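Chemist: Counting in our numbering, the sequence shown runs from 139 upward without gaps. Ideal Cβ placement from N, Cα and C applies to all residues, glycine included. Note that the structure is a prediction, hence the values are computed from the model and not measured.
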Amino acid sequence: MAGRAAYLYGDDPIEINAGRARTALTVRNTGDRAVQVGSHYHFFEVNRALSFDRGQAYGMHLDLPAGTAVRFEPGDTREVELVAYAGHRRLVGFSALVDGGLGSADTRASALRRAEARGFLGARSEDRDTTVDAARREDAKGGF
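(1) Return the chain-ordered list of same chain residues with a C-beta closer than 7 Å to the C-beta of Phe258, the five sequence neighbours on each side being excluded.
(2) Assuming contact is defined by CB atoms lying nearer than 8 Å, are Asp201 and Val184 in contact in what I supplied?
(3) Roughly how many whole angstroms lie between the Cα atoms of Gly260 and Val230?
(4) Can you find the residues in the same chain that come closer than 6 Å, C-beta to C-beta, to Ala249, ignoring five residues on each side of it along the sequence?
(5) Let's see if you can read the secondary structure: which residues bound the beta strand (DSSP E) around Glu219?
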């Protein structure tokens, strides 16, 4: 048909990101503006006002179909599913926290130091231990 894309995949369902490491994180928007994160953005490097364990998000992006996104309104707390990057696992750009291969311990340590120095919530080890727990406690009380 002219003007229509047709894709033939067969009868079996398609599983995106099959076989990759995954994690779930609780994320809270502490800012006064909405934050939208695209499906392939390095979650470790998202907006500094989003509070979550950045160490767990290192090397991962949202487990969503390409071209989709998650929006965090001010004060929102929600759980997201992340999946590990595949391929060469070399990241450059984003918020300029990571510049190199994700498998390097030096690259990871440098990225965490940069995130902490630039005020990204959840970058310090003390923050990583308490951020998610605090958000869950507030949710249980009906806060946020």
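Modeler: Answer, in terms of the structure:
(1) Arg186 and Arg192
(2) no
(3) 21 Å
(4) Leu235 and Val236
(5) Thr215 to Ala222
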